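Student: Position one of the sequence shown corresponds to residue 1 (full-length UniProt numbering), numbered consecutively onward.
Just so it is clear, CB atoms sit at the ideal spot from N, CA and C, and this is done for glycine as well.
Every value quoted in this text rests on a predicted model; they were computed, and no experiment measured them.
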Amino acid sequence: MVAYGALPLNVFPVSPFLTKKETRIAMDTSVVISTYNSKRNIGNIENKGFKDFHCIVHAISKDITFVDDQISSTSDENQLEELVKKIKKIMASKKYGNIEELVIIDAIQRIGLEYYFRDEISAALEKHYNLYHSTIEEGTDNLHDLALHFRLLRQHGYHVSSDALAKFKDKNGNFNQELAKDINGLMSLFEASQFRTRSDYVLDDANKFSRKLLKASLLKNIEQFEGLWTEQCNAFFIELKWSVNKYSPNPKEYLNNGIVSSGTHVVMAHAFFLLGKEINKKSLKELSSLPSIISSTATILRLWNDVGNHMDKTPNGEDGSYVDWYMKEHKISSYDIARKHVSRKISDAWKCINKEYMSSTSPFSKEFKEACLNLARTVPIMYSQDESDHFQFMVEP
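#1: With 16 other CB atoms within 10 Å as the buried threshold, where does His-54 fall?
#2: Given that a residue counts as buried once 16 or more other Cβ atoms are within 10 Å of its Cβ, and exposed if not, what is Asp-215?
#3: Return the CA-CA distance between Gly-157 and Leu-148, expressed in angstroms with no decimal places.
#4: Going by DSSP, what residues sit across from Lys-169 in a beta bridge?
#5: At a cut of 8 Å, does the region 285-294 reach the region 196-208 through at least three beta carbon pairs?
#6: Please confirm whether Asn-184 and His-144 have their CB atoms less than 7 Å apart.
#7: Could you compute how far the alpha carbon of Trp-229 sits from the alpha carbon of Ala-124?
#8: For Phe-168, tell me which candidate among Gln-155, Leu-152, Asp-141 and Ala-192 has the shortest Cα-Cα distance.
#9: In the DSSP assignment, the alpha helix (DSSP H) including Lys-355 goes from what residue to what residue?
#10: Confirm the yes/no value for this check: CB of Asn-354, any heavy atom of the ligand NAP, distance under 6 Å.
#11: Tell me which same chain residues have a C-beta within less than 7 Å of the C-beta of Gln-232, skipping the five on either side of it?
#12: Report buried or exposed for Tyr-326, applying the criterion of at least 16 other Cβ atoms within 10 angstroms of its Cβ.
#13: Here's the rule I'm using: 16 or more other beta-carbon atoms within 10 Å means buried, otherwise exposed. How should Leu-131 be labelled?
#14: In terms of residues, what are the limits of the alpha helix (DSSP H) holding Asp-200?
#15: Looking at the unbroken alpha helix (DSSP H) that takes in Thr-264, where does it start and where does it end?
#16: Name the two residues that bound the continuous alpha helix (DSSP H) containing Val-323.
#17: What does the Cβ neighbour count give for Ala-107, buried or exposed, with the cut at 16 atoms within 10 Å?
#18: Using the rule of at least 16 other Cβ atoms within 10 Å of the residue's Cβ for burial, across every protein chain shown, is residue 451 buried or exposed?
#19: Report the three-state DSSP secondary structure of Gly-157 (helix, strand or coil).
#20: Let me know the secondary structure DSSP gives Pro-249 once reduced to three states.
#21: Note down, in chain order, each residue of its chain lying with its Cβ closer than 8 Å to the Cβ of Phe-190, except the 5 sequence neighbours on either side.
#22: DSSP three-state call for Gln-194: helix, strand or coil?
#23: Cα separation between Val-323 and Lys-340?
#24: Do Ala-271 and Ala-371 have their C-beta atoms within less than 7 Å of each other?
#25: Measuring straight from C-alpha to C-alpha, what distance separates Ile-64 and Arg-198?
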C-alpha cells in the first residue's frame, strides 16, 4: 500500500522537457512548503479532503503503524468522517503538551479544515488563554512557542498582551540579535506581528526586526543556492544537447543526469533552510554531493515521472524517458518487462531511503530525513492516480 506520510509539498522544479503529464503537476520552483506550514485552499472538500486528513493524522500522531491502516469505507465521505474522528481523538488525548496542541491547531487551520474542529479548537484555546499569563510567568525562552501561543489567541479574538514578547529584547530595548539564528522563531514572530494594534509598540518592533532578518537570511541563502541551481541548469542543458544531437544515452547515464535535473537536491536544500538549519559551505557540500537519501528520493521522483511520460510519446515514437532508453538498450518491445524493472528500481530506492532514515551516523537531522521521506511519499500520489483514485502503476496487469 502506498503511504500518505506527509502533507503535499509543492516543491518540484519545472524542467524544459515538460510533457503533458509533467505540465499537469508542475509547480513554482521557488516554493518549498514545510510539514505544517502548508497554506492551501482546498476546494470540493467532500471529494478529496480525506487525503489531507490522512496526512495530518500521521504527521501529528507520528504513529508509523497508522501508515498501513486500511480504512474500511470505500466512499470518500465515510473516509473523511473516519479521519475527522481520528484527529478529534488525538486532540482529546492527554499525550500532547501545551505547545504540541497549539501546533496541531495551527496545522489544521493552515490547510483550511478548521470547520470540522470548531468545538475542539475553541475549547483548547480557551484553556490556553487561561494559561497564557502563567506561561509568561514561567519564563519560556522559546521564541517560536511564545509567538505561536500569542498569535493563535489573537487570531481567535483573545486580546492578550504583546508585552510578553519584550522579554526577547536586550537592555537597550532592541530585539536580541542572537535571534537571527532562530529561523523558526523569527518566522513565528513575524506572523505574530501581523496581529498588532496601534498600541502594540513591541509588535511594531518585532515586525521590523523579523522582516529585516528574514530578508537578510533569504538573500544570503539565495547566494548560497546559486551553485545548486547551476548544477540543475547544467543537467537541463545536457538533456537539451542529447535531444538536439539525437543522442541516445544508456539508462544509467540518463538516470544519473535525471536525478540532478529533477531538482530534488535543490528542493531539499530549501527544506534544509526552512527547517531552521544553517546553510553554509559544509552543508552545501553535503547536499550537492547527492547523498543516498537525496539521490534515492530523486530516483523515485524521476522514475515515477518517466513511467507516466512514456505514455505521451513524441511524433517520432520517442519520449526521452528512462523507460524508452531501457527498452532500446535491451532491445525489448514489452512495456510490461520495462515496468517491472522500473518497479524494482523504485523498490530498491525505497530500501536505501529507509536505511538512511534509520542510520545513527547520518550527517542529517531527523527532521531533514523525514522531509526526504515525506517528499518521496508524495510522488506516487501525484503521478499515478486515475479518476477513480487508483494507483495505476502499482496495479498488476
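Tutor: Working from what's here:
#1: Counted from its first residue, the sequence shown places residue 54 at position 54. Because His-54 carries a pLDDT of 48, less than 50, the predicted location of this residue cannot be relied on, and the following value inherits that uncertainty. The residue in question, His-54, is buried, as its Cβ has 16 or more Cβ neighbours within 10 Å.
#2: The residue you call residue 215 lines up with position 215 of the sequence shown. Reading the sequence as shown, one finds Lys at residue 215 and not Asp. The residue is exposed, with fewer than 16 neighbouring Cβ atoms inside 10 Å.
#3: Position 157 of the sequence shown, counting from 1, holds the residue named residue 157. Position 148 of the sequence shown, counting from 1, holds the residue named residue 148. C-alpha separation (whole angstroms): 14 Å.
#4: Residue 169 sits at position 169 when you count from the first residue of the sequence shown. Lys-169 is bridged to Phe-175.
#5: Counting C-beta pairs with one atom in each stretch, the region 285-294 and the region 196-208 have fewer than three that are closer than 8 Å, which means they do not touch.
#6: Walking along the sequence shown from the start, residue 184 turns up at place 184. Walking along the sequence shown from the start, residue 144 turns up at place 144. The Cβ atoms of Asn-184 and His-144 lie closer than 7 Å to each other.
#7: Working through the sequence shown from its first residue, we reach residue 229 at position 229. Working through the sequence shown from its first residue, we reach residue 124 at position 124. Taking the straight line joining both Cα atoms gives about 44 Å.
#8: As a working note, residue 168 is residue 168 in the sequence shown. Nearest C-alpha to Phe-168: Asp-141.
#9: Here residue 355 refers to the residue found at position 355 of the sequence shown. Following the DSSP letters along the chain, one finds Lys-355 inside the alpha helix (DSSP H) bounded by residues 335-358.
#10: Looking at this structure, you won't find the ligand NAP or any other ligand, since it has none at all.
#11: Translated into positions along the sequence shown, residue 232 becomes position 232. Pro-13, Val-260, Ser-261, Gly-263 and Val-266, listed in sequence order.
#12: Here residue 326 refers to the residue found at position 326 when the sequence shown is read from its first residue. When all chains shown are included, Tyr-326 counts as buried.
#13: Working through the sequence shown from its first residue, we reach residue 131 at position 131. Result: exposed.
#14: For this step, residue 200 is matched to residue 200 along the sequence shown. Premise fails: Asp-200 is in no alpha helix (DSSP H) and is neither H nor E.
#15: Position 264 of the sequence shown holds residue 264. It spans 264-274 - the alpha helix (DSSP H) in which Thr-264 sits, taken as one unbroken run.
#16: Here residue 323 corresponds to residue number 323 of the sequence shown, with the count starting at 1. From DSSP, the alpha helix (DSSP H) with Val-323 extends over 322-329.
#17: Numbered from its first residue, the sequence shown carries residue 107 at position 107. Its Cβ being crowded by 16 or more others within 10 Å, Ala-107 is buried.
#18: Since the first and last residues shown for the chain are 1 and 397, residue 451 lies out of range.
#19: Position 157 of the sequence shown, counted from the start, is the residue given in the question as residue 157. In the structure shown, Gly-157 sits in coil (DSSP, three-state: anything other than H, G, I, E or B).
#20: The sequence position of residue 249 within the sequence shown is 249, counting from 1. Three-state result, Pro-249: coil.
#21: Position 190 of the sequence shown holds residue 190. If the five residues before and after Phe-190 are omitted, its C-beta is found closer than 8 Å to the C-beta atoms of Ala-206, Asn-207, Ser-210, Arg-211 and Leu-214, all from its own chain and listed in chain order.
#22: Translated into the one-based positions of the sequence shown, residue 194 becomes position 194. Reduced to three states, the DSSP call for Gln-194 is coil.
#23: Counted from its first residue, the sequence shown places residue 323 at position 323. Counted from its first residue, the sequence shown places residue 340 at position 340. Per the coordinates, the alpha-carbon of Val-323 lies some 11 Å from the alpha-carbon of Lys-340.
#24: Sequence index remark: in the sequence shown, residue 271 carries index 271 (1-based). Sequence index remark: in the sequence shown, residue 371 carries index 371 (1-based). Yes; because the gap between Cβ atoms is below 7 Å, this pair is in contact.
#25: As a first step, residue 64 is located in the sequence shown; it is residue number 64 there, counting from the start. As a first step, residue 198 is located in the sequence shown; it is residue number 198 there, counting from the start. Below a pLDDT of 50, predicted positions are generally treated as unreliable, and Ile-64, at 34, falls in that range; the measurement from the model is reported next regardless. Spanning the alpha carbons of Ile-64 and Arg-198 requires a straight line of approximately 47 Å.
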